[in-house]
């Protein structure tokens with residue numbers, strides 16, 4: 001998490017020659033969170049290879065230790081080891097659980113706590129305390145938890161879990177993997193079946209990992225959407241987990257490789273879960289020279305090596321139904337759209353307004369400051385591309401303490417006329433530790449300070 005007492009770390013990205021090389025991006029953040037949580041809920045030992053060691057995941061690790069699990073943190077290239085307590089056996093923490101900037105930690109942990117007879121208070125940084133939690137509070141209250149939050153369902157909040165959770169059948173009003181996962185995790189300790197229907201398919205890492213740890217999970221189709229069904233009173237058993245490279249993190253060097261003239265970038269072992277590949281689909285529609293090699297399955301998750309080569313892109317219309325499969329990648333897609341030929345129209349992206357920042361507004365204002373024309377609505381954005389001409393750049397932008405905004409505008413700086421500066425690059429460490437070093441290894445020109 002970004003330390004509020006530390007000094008900001010401004011960073012400037014300037015245009016440079018072609019990017020080239022083979023670099024490994026950090027482990028998948030979504031899978032890392034879930035591996036730690038299920039390891040803590042399982043009986044016995046769980047070993048985790050490739051765990052993301054960014055601040056968000058460390059916040060989850062700290063929380064699970066506070067709830068009674070034992071976590072041995074691996075060094076560079078070493079496995080992490082978790083000794084769990086079993087479903088229903090977590091203990092009440094003797095401290096406030098500070099989840100930093102991590103919305104995933106907060107929402108999934110609310111589900112875990114709801115099904116345990118414990119009381120815990122959760123907080124986070126300024127950004128997380130602004131994010132609404134009402135969509136999680138409502139179904140968890142039906143299961144039997146009592147949740148006291150600030151006005152608007154915001155943190156800090158206190159979860160009083162129940163010793164007798166009730167199974168529910170819940171239909172999500174808005175597709176959300178985090179809300180779905182919170183409900184399923186709360187249902188682990190409930191009798192009978194807990195089910196969730198989602199109007200659009202979202203990432204299914206929770207369902208896959210619950211099965212891997214021994215829970216019975218079924219998925220079927222209804223007229224109203226995909227339904228995930230968990231058989232409660234599950235007994236989870238520790239197991240080895242291998243975390244693939246994070247496709248959301250891979251998006252930044254990938255898009256840079258597509259945009260910086262003369263580039264060829266290789267990214268090995270990237271997670272290819274079909275509920276996470278909306279950006280790749282969109283980039284291919286835009287004409288990107290994007291290749292997948294060595295497709296395989298590791299620990300139940302599909303992975304592949306990605307190769308991105310620079311070339312012209314064409315603006316496209318991105319349908320609303322694709323949003324759940326690429327919700328974290330829209331900021332960097334905006335950068336690709338800024339250099340495409342013609343307009344790129346993104347529909348149904350209102351969810352971006354309640355992420356770590358109002359990402360829709362942040363991208364619109366930042367692109368405008370760099371000379372790119374945009375049109376913005378409540379849940380849509382139009383980016384008018386330059387047809388491959390470098391945008392003006394020359395701006396120092398407020399990253400709004402948002403890791404994906406930070407990295408997206410640094411990518412834009414690499415293909416602008418005058419470079420782009422970010423007021424504080426520290427937030428990138430929450431999901432992509434070593435982002436600066438990795439990009440520099442590819443040949444990117446990143447320099448401390450502002451323009």
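Residue numbers (UniProt numbering): 1 to 451. Every residue, glycine too, gets a C-beta built ideally from N, C-alpha and C. The structure presented is a predicted model; accordingly, all values stated were derived computationally and were not measured.
Q) By Cβ distance below 7 Å, which residues in the same chain neighbour residue 331 in space, the five residues on each side in sequence not counted? A) 359, 363, 404, 405, 408
Q: Look up residue 498 in the DSSP assignment and say whether it is helix, strand or coil.
A: Any answer about residue 498 is impossible in this case: the structure gives the chain only from 1 up to 451.
Q | Residues near residue 203 in its chain [Cβ-Cβ closer than 8 Å; skip 5 each side] | A | 30, 177, 273, 275, 276, 324, 325
Q. Who are the Cβ neighbours of residue 32 in its own chain at under 6 Å, not counting the five residues just before and after it?
A. 51, 52, 57, 243
Q) Which whole-angstrom value describes the C-beta separation of residue 115 and residue 190, a residue pair presumed to lie in contact below a C-beta threshold of 8 Å? A) 6 Å
Q) Is residue 111 buried or exposed, if buried means 16 or more other CB atoms sit within 10 Å of its CB? A) buried
Q: Taking the CB atoms as reference points, tell me whether residue 411 and residue 252 lie closer together than 7 Å.
A: yes
Q. What residue range is occupied by the uninterrupted alpha helix (DSSP H) comprising residue 57?
A. Where residue 57 is concerned, the enclosing alpha helix (DSSP H) stretches over 55 to 66.
**Q.** For residue 156, the first and last residue of its enclosing beta strand (DSSP E)
**A.** 154 to 160
**Q.** Residue closest to residue 35, alpha-carbon to alpha-carbon, out of 205, 282, 270, 219
**A.** 205
Q.
Rounding to the nearest angstrom, what Cα-Cα distance links residue 436 and residue 300 in this structure?
A. Approximately 31 Å, taken between the alpha carbons.
Q. In angstroms, rounded to a whole number, what distance separates the CA positions of residue 134 and residue 172?
A. In this model, residue 134 and residue 172 are separated by some 12 Å (Cα to Cα).
Q) Could you give the uninterrupted runs of the beta strand (DSSP E) lying entirely in the region 397 to 432, keeping only those of 3 residues or more? A) 420 to 422
Q) Would you call the region 101 to 111 and the region 183 to 197 touching, i.e. three or more CB-CB distances under 8 Å? A) yes
Q: Go through its chain and collect everything with a Cβ distance to residue 18's Cβ below 8 Å, but skip five positions before and after it.
A: 260, 261, 262, 263, 264, 310, 443
Q | Nearest residue (CA-CA) to residue 292, options 267, 314, 312 | A | 267
Q. Which whole-angstrom value is the C-beta distance of residue 245 and residue 278, which I expect to be below 8 Å?
A. That pair is no contact at about 17 Å.
Q) Taking the C-alpha atoms as reference points, what is the distance between residue 165 and residue 142? A) 9 Å
Q) Apart from the five residues on each side of it in sequence, which residues of its chain come closer than 8 Å, Cβ to Cβ, to residue 95? A) 66
(Q) Taking only three categories from DSSP, how would you classify residue 268? (A) strand
Q. For residue 98, does the count of other Cβ atoms within 10 angstroms reach 16, so buried, or fall short, so exposed?
A. buried
(Q) Using DSSP's beta-bridge definition, name the partner residues of residue 225. (A) In the DSSP output, where bridge partners are listed per residue, residue 225 has 222.
Q) Would you call the region 393 to 400 and the region 418 to 426 in contact, with 3 or more CB pairs under 8 Å? A) yes
Q) Leaving out five residues before and five after residue 16 in sequence, what residues of the same chain have Cβ atoms less than 8 Å from its Cβ? A) 260, 414, 443, 444, 445
Q) Quick one: Cα of residue 193 to Cα of residue 87, how far? A) 16 Å
Q) What number of angstroms, rounded off, separates the C-alpha of residue 339 from the C-alpha of residue 387? A) 6 Å
(Q) Am I right that residue 286 and residue 314 are in contact with their C-beta atoms under 8 Å? What's the rounded C-beta distance? (A) 5 Å
Q. Among 369, 168, 236, 356, which residue has its Cα nearest to the Cα of residue 83?
A. The candidate whose alpha carbon is nearest that of residue 83 is 236.
(Q) Extract the residue ranges of the beta strand (DSSP E) inside the region 91 to 130, only unbroken runs of 3 or more that lie entirely within it. (A) DSSP runs (the beta strand (DSSP E)) wholly in the region 91 to 130: 119 to 123.
Q.
I need the DSSP call for residue 204, collapsed to helix, strand or coil.
A. coil
(Q) Quick check on DSSP: helix, strand or coil for residue 211? (A) helix
Q: Taking residue 134 as part of the beta strand (DSSP E), name the residues at either end of that continuous run.
A: For residue 134, there is no enclosing beta strand (DSSP E); the residue is part of the alpha helix (DSSP H) that begins and ends at 134 to 143.
Q. How long is the line joining the alpha carbons of residue 179 and residue 24, rounded to whole angstroms?
A. 30 Å
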